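Participant:
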Amino acid sequence: MCVVIKGDPPMRFHWLKNGQTFLAHGDTTVQTFEDTSIVTFKKVVSTDRGQYTCVATNVAASTNRTSQLIVNVPPQWTVEPKNTTVILGHRVWIDCAA
């Protein structure tokens, strides 16, 4: 959420993600009001992580603030350990990878 507490209207807002113009897509929306702009993520995905910058502009000047969105992703198996039978005294490998 980006809220401007001072400044002459009309105020224009736009968002950047990692320094590039951010356009809402999929489950993401941008709402803009007279002095506020809000980015909403209905269902965050790992590619949503990054630096989000709100830019507010009026006839006098432009100002911006940046915040970081950190998305914690749980591990996923690429190789799952499987049940293994081995003869006593023989070598065995039980692999797993995430």
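Here the sequence shown stands for residues 26 to 123, numbered as in our numbering. Don't be surprised by glycine CBs; every beta carbon is placed ideally from N, CA and C. Keep in mind it's a predicted model, so treat the numbers as computed, not measured.
Determine the direct distance from the alpha carbon of Lys-107 to that of Cys-121, and round the result to whole angstroms.
Facilitator: 8 Å
Participant: Take Asn-89 and list the residues in its own chain whose beta-carbon comes closer than 6 Å to its own, dropping the five residues that flank it on each side.
Facilitator: Thr-78 and Val-80
Participant: Helix, strand or coil for Thr-110? Go by DSSP, reduced to three states.
Facilitator: coil
Participant: Going by the beta-carbon positions, is the gap between Val-69 and Val-96 smaller than 7 Å?
Facilitator: yes
Participant: Using the Cα positions of Asn-83 and Thr-91, report the straight-line distance between them to the nearest angstrom.
Facilitator: 18 Å
Participant: Kindly indicate the opening and closing residues of the beta strand (DSSP E) around Arg-90.
Facilitator: 87-94
Participant: Find the nearest neighbour of Pro-34 within the set Arg-116, Thr-61 and Trp-118, judged by alpha-carbon distance.
Facilitator: Looking from the CA of Pro-34, the closest CA among Arg-116, Thr-61 and Trp-118 belongs to Thr-61.
Participant: Compute the Euclidean distance between the alpha carbons of His-50 and Gly-32, then round it to the nearest angstrom.
Facilitator: 30 Å
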